[in-house]
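Q:
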Amino acid sequence: MSADLSGAALWQRGCERLAAELPEQQFNTWIRPLPPAEVAQQEENGHEAVLVSLRVPNRFKLDWIRSQYAGRIEAILTELAGKPARLELSLAPREAIAPLPRTQPSSMTMGQVLNQHGLGAPATGRPAAPASAAA
């Protein structure tokens, strides 16, 4: 990586270049939503290289980014870093999403619920009998 680019700066500059090259809708759909990349130095065949790891939220996006953009992303990052850059795409781990609280099914019928709220007068026009008198 060039002396003046940190890992975060390399990814940021790469995104700026992609934003300038790609149609706005493509950039906003596929690149902008990605979380910041993890950038690490490594050695490949005795030469310094940069490993850029991106975690993509789902398989569809991962496959699309790999097939449509990975080559260009690597080329841009290699140019900016001044050494070979390798892009590693992986699925982001599923975050624990708190499930919605389950409600217990009611044992009351719809008619009982409506009657409880004063909305269930019978079609005869007479008031509904209290639940205790109906038994």
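To convert, take the position in the sequence shown, counting from 1, and add 17; that gives our numbering. Backbone N, C-alpha and C fix where the C-beta goes; we use that ideal spot for every residue, glycine too. All values derive from a computational prediction rather than experimental measurement.
Would you say the region 56-73 touches the region 24-34, given that touching needs at least three Cβ pairs under 8 angstroms?
A: Flag = yes, the region 56-73 and the region 24-34 touch.
Q: On the premise that THR95 lies in contact with ALA102, defined as a C-beta separation below 8 angstroms, what is that separation, rounded to the nearest angstrom?
A: With a Cβ gap of about 4 angstroms, ALA102 and THR95 count as contacting.
Q: Tell me the DSSP bridge mates of ALA25?
A: In DSSP, ALA25 forms no bridge with anything.
Q: Roughly how many angstroms separate the alpha carbons of ILE48 and SER84, rounded to a whole number?
A: Taking the straight line from one Cα to the other gives about 13 angstroms.
Q: Could you check what DSSP says for ALA79 in three-state terms: helix, strand or coil?
A: The amino acid occupying residue 79 in the given sequence is Leu; Ala does not appear at that position. In the structure shown, LEU79 sits in a helix (DSSP, three-state: H, G or I).
Q: Using only alpha-carbon positions, find the residue among LEU97, GLN133 and LEU79 that is nearest to LEU51.
A: Nearest of LEU97, GLN133 and LEU79 to LEU51, Cα basis: LEU79.
Q: If the criterion is Cβ atoms closer than 8 angstroms, does the pair ALA109 and PRO53 meet it?
A: The answer is no: Cβ separation not under 8 angstroms.
Q: Output the boundary residues of the beta strand (DSSP E) element that contains ALA66.
A: Here the beta strand (DSSP E) through ALA66 covers 64-73.
Q: Look up GLN58 in the DSSP assignment and give the residues it is bridged to.
A: VAL67.
Q: From LEU35 to ALA92, what does the alpha carbon distance come to, in whole angstroms?
A: Cα to Cα, the separation comes out at about 11 angstroms.
Q: Measuring alpha carbon to alpha carbon, tell me which residue in GLN42, GLU41, ARG111 and GLN59 is nearest GLU105.
A: Closest option to GLU105, Cα to Cα, is GLN59.
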